[in-house]
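Numbering of the sequence shown is given in this note's numbering, commencing with residue 1 and proceeding in unit increments.
Written out below as structure tokens is the structure these notes cover.
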Amino acid sequence: MRAEIICVGSELLLGDIVDTNTQYLAQRLSALGIDLYYSTSVGDNLGRLVDCLRRAHERSDVVLTSGGLGPTDDDLTREGIAELMGEPPVVDESLAEELRKFFQLRRLEMTANNLKQASLIPSARAIPNARGTAPGWWVSKHGKSIIAMPGPPGELHRMWEDQVEPQLGDGASVIRSRTLKLFNISESLVDVLLKPLTPAANPTVAVYAKQDGIHVRITAKAAHAEGAMRAIEPIEAEARRLLGDSLWGTDSDTQESVTGALLSSRGLTLAVAETVTRGQIAAMLSATGGSESWFRGGLVLPAPNDDSAEAGRLARLSLEQFRADMGIGVCGGPVAGSEPLVDDVLVAIV
Numbered sequence: 001m002r003a004e005i006i007c008v009g010s011e012l013l014l015g016d017i018v019d020t021n022t023q024y025l026a027q028r029l030s031a032l033g034i035d036l037y038y039s040t041s042v043g044d045n046l047g048r049l050v051d052c053l054r055r056a057h058e059r060s061d062v063v064l065t066s067g068g069l070g071p072t073d074d075d076l077t078r079e080g081i082a083e084l085m086g087e088p089p090v091v092d093e094s095l096a097e098e099l100r101k102f103f104q105l106r107r108l109e110m111t112a113n114n115l116k117q118a119s120l121i122p123s124a125r126a127i128p129n130a131r132g133t134a135p136g137w138w139v140s141k142h143g144k145s146i147i148a149m150p151g152p153p154g155e156l157h158r159m160w161e162d163q164v165e166p167q168l169g170d171g172a173s174v175i176r177s178r179t180l181k182l183f184n185i186s187e188s189l190v191d192v193l194l195k196p197l198t199p200a201a202n203p204t205v206a207v208y209a210k211q212d213g214i215h216v217r218i219t220a221k222a223a224h225a226e227g228a229m230r231a232i233e234p235i236e237a238e239a240r241r242l243l244g245d246s247l248w249g250t251d252s253d254t255q256e257s258v259t260g261a262l263l264s265s266r267g268l269t270l271a272v273a274e275t276v277t278r279g280q281i282a283a284m285l286s287a288t289g290g291s292e293s294w295f296r297g298g299l300v301l302p303a304p305n306d307d308s309a310e311a312g313r314l315a316r317l318s319l320e321q322f323r324a325d326m327g328i329g330v331c332g333g334p335v336a337g338s339e340p341l342v343d344d345v346l347v348a349i350v
């Protein structure tokens with residue numbers, strides 16, 4: 001099955017909000033084994049919206065839209081789908097009654113423009129919205145589907161999980177992935193090391209440079225989750241052998257969660273004193289689940305010096321201040337003559 005995502009709203013193109021719906025839907029489609037080939041953002045313009053819908057409908061089996069289902073004149077997703085299908089929307093009285101009850105329960109005035117949220121076309125059925133006033137549309141015609149969902153992420157997530165995914169996923173294959181996370185190694189070297197593993201079409205192996213290091217994603221498609229993970233296992237084992245000590249975590253692991261797990265397994269505690277990082281390290285560590293058992297606390301101080309002796313002094317200070325087993329000191333400052341400005345960061349561990 002081929003899918004396409006269209007996110008509707010001029011606020012996306014103006015940069016007023018970040019489109020997190022595409023990321024969410026892409027991840028959910030992948031887990032269902034549904035191939036996503038295109039994603040598009042389009043503003044609140046009926047002509048351009050219909051053009052996007054037409055192209056998506058022609059080349060995909062299912063089109064997912066988010067946004068444009070509200071009551072205002074610039075909410076145009078229903079109108080766009082109706083024009084594409086050649087079916088005029090009509091107010092559905094049962095949906096209109098549900099809408100009236102929604103406003104009555106909250107003692108709010110229901111203005112006439114809200115009724116467009118209760119409209120349907122013959123090829124569409126309403127998708128209940130447990131968190132808002134705008135039902136979705138599930139349009140089925142010519143053996144293809146257009147599924148229109150609200151723009152607010154909380155509404156879209158609930159609608160997808162309760163109403164859409166259980167039906168869309170029936171009979172589909174699944175995709176599963178394992179991500180290996182690396183440090184102290186370059187993306188280019190990882191690519192060379194894993195070259196013998198990459199020609200396969202299933203599972204696939206891909207290398208990415210991320211903020212916390214290099215990620216290697218191994219992805220398999222199968223009829224069920226267990227089969228996909230079995231296909232991943234031998235590729236993962238060989239990748240681990242080739243990458244050696246560069247591996248620090250997998251999947252949802254973070255550097256701070258792995259640090260905490262190592263400290264807990266050894267019965268050790270940690271404290272930190274930092275200058276140039278302005279408390280960011282302490283904030284990351286303290287926000288990690290279970291950190292109260294291994295993280296004693298952090299100090300944020302001005303930076304009188306930026307040499308290794310100062311880093312060591314800070315590490316010992318954190319150790320003494322919080323009576324921890326281990327202390328980290330971090331200091332630094334701008335590198336003279338660097339353009340753009342670069343900080344030299346020094347770290348000591350005691």
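For each residue, glycine too, the CB sits at the ideal point set by N, CA and C.
| Under a three-way DSSP split, which group does ASP61 fall into? | DSSP places ASP61 in coil when its eight states are reduced to three.
| task | Can you have a look at GLU155 and say buried or exposed, based on whether 16 or more other CB atoms are within 10 angstroms of its CB? | result | GLU155 should be labelled buried.
| said: Can you tell me which residues form a DSSP beta bridge with ALA348? | reply: According to DSSP, ALA348 bridges with GLY329.
| Which first and last residues belong to the alpha helix (DSSP H) in which GLU274 is found? | That residue, GLU274, is in no alpha helix (DSSP H); its beta strand (DSSP E) goes 270-274.
| message | Assuming VAL164 is part of the alpha helix (DSSP H), what are its boundary residues? | response | It is not in any alpha helix (DSSP H) - VAL164 carries neither H nor E in the DSSP assignment.
| message | Using only the alpha-carbon positions, how far apart do VAL359 and SER252 sit? | response | Here the chain has residues from 1 to 350 only, and residue 359 is not among them.
| request: Taking 9 Å as the cut-off, decide whether the C-beta atoms of ALA230 and ALA237 are in contact. | output: The question names Ala, but residue 230 is Arg in the sequence shown. Contact: no.
| task | Compare the Cα-Cα distances from PRO203 to each of LEU193, GLN211, VAL216 and LYS210 and report the closest residue. | result | Among LEU193, GLN211, VAL216 and LYS210, the Cα nearest to that of PRO203 belongs to VAL216.
| task | Output the boundary residues of the beta strand (DSSP E) element that contains ALA134. | result | Where ALA134 is concerned, there is no enclosing beta strand (DSSP E), given that its DSSP letter is neither H nor E.
| What separation, rounded to the nearest whole angstrom, lies between the Cα atoms of ASN21 and VAL42? | Linking ASN21 to VAL42 through their CA atoms gives a straight-line distance of about 14 Å.
| query | Where does VAL387 land, buried or exposed, given buried means 16+ other C-beta within 10 angstroms? | reply | The displayed coordinates of the chain run from 1 to 350. Any statement about residue 387 would go beyond what the structure contains.
| field | Endpoints, alpha helix (DSSP H) assigned at LEU263 | value | Going by DSSP, LEU263 is part of the alpha helix (DSSP H) stretching over 255-266.
| field | Contact the segment 102-112 vs the segment 121-129: 3+ CB pairs below 8 Å | value | No, because fewer than three Cβ pairs between the segment 102-112 and the segment 121-129 fall closer than 8 Å, the two stretches do not touch.
| field | Buried or exposed (CB count within 10 angstroms, at least 16 for buried), THR275 | value | Buried, because 16 or more other Cβ atoms sit within 10 Å of the Cβ of THR275.
| field | Chain-order list of residues whose beta-carbon lies under 7 Å from that of GLY279 (same chain, five-residue window excluded) | value | These residues qualify, in order along the chain: GLY298 and VAL300.
| said: For ARG59 and GLY70, I'd like the C-alpha separation in whole angstroms. | reply: So the alpha carbons of these two residues sit roughly 27 Å apart.
| Would you say LYS141 and THR250 are within 9 Å of each other, going by their C-beta atoms? | Contact flag unset, no.
| Between GLU256 and ILE214, is the Cβ-Cβ spacing less than 9 Å? | No, these two residues do not count as a Cβ contact at 9 Å.
| query | Is SER27 buried or exposed, if buried means 16 or more other CB atoms sit within 10 Å of its CB? | reply | The displayed chain sequence assigns Gln, not Ser, to residue 27. When all chains shown are included, GLN27 counts as exposed.
| said: Please report the straight-line C-alpha distance between VAL258 and TRP248, rounded to a whole angstrom. | reply: The alpha-carbon atoms of VAL258 and TRP248 are separated by roughly 8 Å.
| In or out: THR72 buried (at least 16 other Cβ within 10 Å) or exposed? | Answer is exposed; the Cβ neighbour count stays below 16.
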